[in-house]
Amino acid sequence: MSETPIRVMVVDDHPMWRDAVERDLQGAGFEVVGVASTGAEALARFPACRPHVVVLDLQIPPPTGVEVTAQVLRQDPSARVLILSASGEQQDVLDAVKAGATGYLVKSASRTELIDAVRRVAGGDTVYTPGLAGLVLGEFRRIKDEPDPTPRGPDGPPSELTDRETEVLKMVAKGMSYKQIAERLVLSHRTVQNHVQNTLRKLQMHNRVELTRYAIAQGLDDGEQPAGAGEDRP
Amino acid sequence: MVLRLAVLANAVVLNVYRRDNFVHPTAGLLLVAVMVLWTAYAAWAYLAARRRTWPLLVADLAVAVGVLVATPAVKGDGFSATVPGFWVMGALLAWAVVWRWRGGLAAGVLLGVVDLAIRRDVSQSHYGNAFLLVLGGLIIGFLGESLRYLAAERDAAQRSAAAAAERARLARAVHDGVLQTLALVQRRGHELGGDAAELGRLAGEQEARLRSLIRDQDAVADARRAGTLDLAAELARLDRRPGVSVAGPGEPVVLPAEVVTELVAAVAACLDNVAAHVGPDAPAWVLLEALPDRVEVSVRDEGPGIPGGRLESAVAEGRLGVSGSVRGRVADLGGTATLHTGASGTEWELVVPRGPR
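So the sequences go chain by chain: A and B. Numbered continuously in our numbering, the first sequence closes out at residue 351. Numbered continuously in our numbering, the second sequence closes out at residue 411.
Dropping the structure here:
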């Protein structure tokens, strides 16, 4: 619908794979504005390339895909990160999503799935696999069970899902499409999309709150005992 | 070293306190000075491993014996406490630590014999002290030996753990490369069609198998209590079946082994049913959710649904099939199996309570 093609950057350390993805994307009308084979290359080239979407492999030479995700989004919050991972290491995928990635695909996904995913991620949508939905559900259960849950202060973001969000996420994890979910729950497609996006947003928010709390805790420790602080630093 | 200083301080204070016991106070003072100097020297000498050689140890023990032997000369024959007292412990411990129980025993016996030999009359407590000296040397020697053994064992364990971690890291890198290649072959094969498509299909199968092998290995790496299994890992194995995708929390869900086995068997029966009634490659989704008080497993397909009453009539005809293998198994675990079925597919929902964790 838009005249300007979607600008994409491909980060993967396997040249054959990178070329294949690049070809597929170009064939579908995307503009591949940059490629990189390591995390360092990706971060160095990102500012000049200004891609809308970064298609990122998680297992790349350092810095890791998770770090690249965080850095890239700090530099340009309007960019989108789509994780394309071979082995689907669960913790890595979850970490990348917490760092702000809004899409995840396994590499065995077909060409059409990849192209569809890039298009949706570029449009601000989230691309969940059933596997990722299961992980995110599990993560929210874990957060809820934590002995010291993030307090829901007036400024604090809610770190729990609403019943509806949980319901929608469960359906995604059971392999249902947004369309099927919309039909089942008698909602509009857009509303289902919003619910799914909210779940990721809450997870990322929770992650940021956790990181800030950690940073504050560390900072206070350092300030209070400047002499002996070195001993209990990890 | 702290011990050496402590026993030195003890000896010095005692000797100063009982200075009127000395027959020759000047010689006694000299003797105490020798002890102080030797302690300082020994403290420095023992610090570095390369200086901890036999001449130092022999000299250490010789000084201790020498001070003991000199006691009658400065204190007179009828003394009750030797000048060094507990100070001889330093040399004894050094021998025990370096030469193990043999060193401890030798030094203990020597010091004990000398201590008894220089006394005019040997009382019960003198003998007791000497015996304690010998025993102490022995015990410290033994402890030193077993500590060293433990340290060696710990080093070996740490080395092998580090080696295993490195192996795992390498395996991960290799696996990742293989998975990438298989995925690529699969994709290109599908696009090319013909024989290449068959190649692609094979690559896809191998990719799925390798993926679940890696997951199994991760589950093994997490050593668990005996008699329990990780339900998440066991269910994840099921995605080796064509068309099946398994979702679950990223963390292990540890339950008694029999609960896991039965639950996995029930899920497998649901999937068998999908394969039989919808198609061998029909897509199906398994979702595991671990709640504090229960686990929920759902199995969904997009088949034509199970006609109402079919399961009941099958039971009536004596074919237990799905009812027995799903409902029966879950009921035996104290849980419930609910079936939702309609034109858009079938969904089993298995809920099993978790015992107190």
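Just so it is clear, CB atoms sit at the ideal spot from N, CA and C, and this is done for glycine as well.
Interface residues of chain A facing residue i [CB-CB closer than 7 Å]
{"i": "Cys-261(B)", "result": "In the sequence as presented, Cys is not what sits at residue 261(B); that position holds Glu. Going along chain A in sequence order, the residues near Glu-261(B) (Cβ under 7 Å) are Ser-225."}
{"i": "Glu-220(B)", "result": "Residues of chain A passing the Cβ test: none, with the nearest at roughly 17 Å."}
{"i": "Ser-352(B)", "result": "Lys-291"}
Residue environment, residue i, which counts as buried when at least 16 other CB atoms sit within 10 Å
{"i": "Arg-213(B)", "result": "exposed"}
{"i": "Glu-148(A)", "result": "exposed"}
{"i": "Leu-91(B)", "result": "exposed"}
{"i": "Ala-391(B)", "result": "buried"}
{"i": "Tyr-245(A)", "result": "buried"}
{"i": "Ala-213(A)", "result": "buried"}
{"i": "Phe-415(B)", "result": "One cannot answer for residue 415(B) here, as it falls past the ends of chain B, which runs 55 to 411."}
{"i": "Asp-230(B)", "result": "buried"}
{"i": "Arg-383(B)", "result": "buried"}
{"i": "Ala-332(A)", "result": "exposed"}
{"i": "Glu-288(B)", "result": "buried"}
{"i": "Leu-201(B)", "result": "exposed"}
{"i": "Glu-220(B)", "result": "exposed"}
{"i": "Leu-341(B)", "result": "buried"}
{"i": "Met-133(A)", "result": "exposed"}
{"i": "His-312(A)", "result": "buried"}
{"i": "Tyr-203(B)", "result": "exposed"}
{"i": "His-394(B)", "result": "exposed"}
DSSP-derived helix/strand/coil call for residue i
{"i": "Thr-390(B)", "result": "strand"}
{"i": "Gly-409(B)", "result": "coil"}
{"i": "Ser-299(B)", "result": "strand"}
{"i": "Thr-125(B)", "result": "helix"}
{"i": "Asp-249(B)", "result": "helix"}
{"i": "His-306(A)", "result": "helix"}
{"i": "Val-61(B)", "result": "helix"}
{"i": "Gly-332(B)", "result": "Here residue 332(B) turns out to be Val, not Gly, going by the sequence shown. Note: Val-332(B) maps to coil in three-state DSSP."}
{"i": "Phe-257(A)", "result": "helix"}
{"i": "His-78(B)", "result": "coil"}
{"i": "Phe-185(B)", "result": "helix"}
{"i": "Ala-319(B)", "result": "helix"}
{"i": "Glu-89(A)", "result": "This structure leaves residue 89(A) out entirely; chain A is present only between 118 and 351."}
{"i": "Thr-235(B)", "result": "helix"}
{"i": "Glu-263(A)", "result": "coil"}
{"i": "Gly-198(B)", "result": "helix"}
Sheet register partners of residue i (DSSP bridge)
{"i": "Ser-352(B)", "result": "Leu-341(B) and Glu-403(B)"}
{"i": "Asp-284(B)", "result": "Val-308(B)"}
{"i": "Gly-396(B)", "result": "Gly-399(B)"}
{"i": "Arg-124(A)", "result": "Glu-148(A)"}
{"i": "Val-244(A)", "result": "Gly-220(A)"}
Chain B residues whose Cβ lies nearer than 9 Å to that of residue i
{"i": "Ala-250(A)", "result": "Ala-301 and Leu-341"}
{"i": "Lys-296(A)", "result": "The contacting residues do not exist; Lys-296(A) stays about 11 Å from chain B at best."}
{"i": "Arg-92(A)", "result": "The question about residue 92(A) has no answer here: the residues shown for chain A are numbered 118 through 351."}
Interface residues of chain B facing residue i [CB-CB closer than 8 Å]
{"i": "Arg-140(A)", "result": "Simply none; closest approach about 10 Å."}
{"i": "Gly-255(A)", "result": "Gly-302, Pro-303, Gly-304, Glu-305, Glu-343 and Ala-344"}
{"i": "Pro-164(A)", "result": "Neighbours of Pro-164(A) on chain B: none; closest Cβ ~28 Å, over 8 Å."}
{"i": "Asp-262(A)", "result": "Pro-346"}
{"i": "Leu-211(A)", "result": "Gly-304"}
{"i": "Arg-281(A)", "result": "Residues of chain B passing the Cβ test: none, with the nearest at roughly 17 Å."}
{"i": "Lys-215(A)", "result": "Going along chain B, no residue has its Cβ under 8 Å from Lys-215(A), so there is no contact; the nearest lies around 11 Å."}
{"i": "Pro-247(A)", "result": "Ser-299, Ala-301, Trp-339 and Leu-341"}
{"i": "Lys-319(A)", "result": "The contacting residues do not exist; Lys-319(A) stays about 17 Å from chain B at best."}
Closer than 9 Å at the beta carbon, the chain A residues around residue i
{"i": "Ala-237(B)", "result": "Trp-134, Ala-203, Val-223, Lys-224, Ser-225 and Ala-226"}
{"i": "Ser-266(B)", "result": "None at all; the shortest Cβ gap to chain A is about 11 Å."}
{"i": "Arg-242(B)", "result": "Ala-137"}
Per-residue contacts from residue i into chain B (C-beta, under 7 Å)
{"i": "His-131(A)", "result": "Gln-234"}
{"i": "Ala-290(A)", "result": "Ala-301 and Leu-341"}
{"i": "Gln-207(A)", "result": "Gly-304"}
Closer than 8 Å at the beta carbon, the chain A residues around residue i
{"i": "Gly-258(B)", "result": "Ser-225"}
{"i": "Glu-245(B)", "result": "Arg-228"}
Contact test: residue i Cβ vs the ligand HEM heavy atom, cutoff 7 Å
{"i": "Arg-325(A)", "result": "The ligand HEM is absent from the structure shown, which contains no ligand whatsoever."}
Segments of 4+ residues assigned as alpha helix (DSSP H) that fall wholly inside the region 142-179 of chain B: Within the region 142-179 of chain B, the runs of alpha helix (DSSP H) that reach at least 4 residues and sit entirely inside it are, in chain order, 143-171.
Ordered list of alpha helix (DSSP H) runs contained in the region 186-222 of chain A, each at least 4 residues: You should have 207-215.
Alpha helix (DSSP H) runs wholly inside the region 131-191 of chain A, at least 4 long, in chain order: Those alpha helix (DSSP H) runs which fall completely within the region 131-191 of chain A and span 4+ residues are 132-144 and 156-166.
Contained alpha helix (DSSP H) runs [length at least 4] in the region 81-125 of chain B, N- to C-terminal order: Counting only runs of 4 or more, we get nothing.
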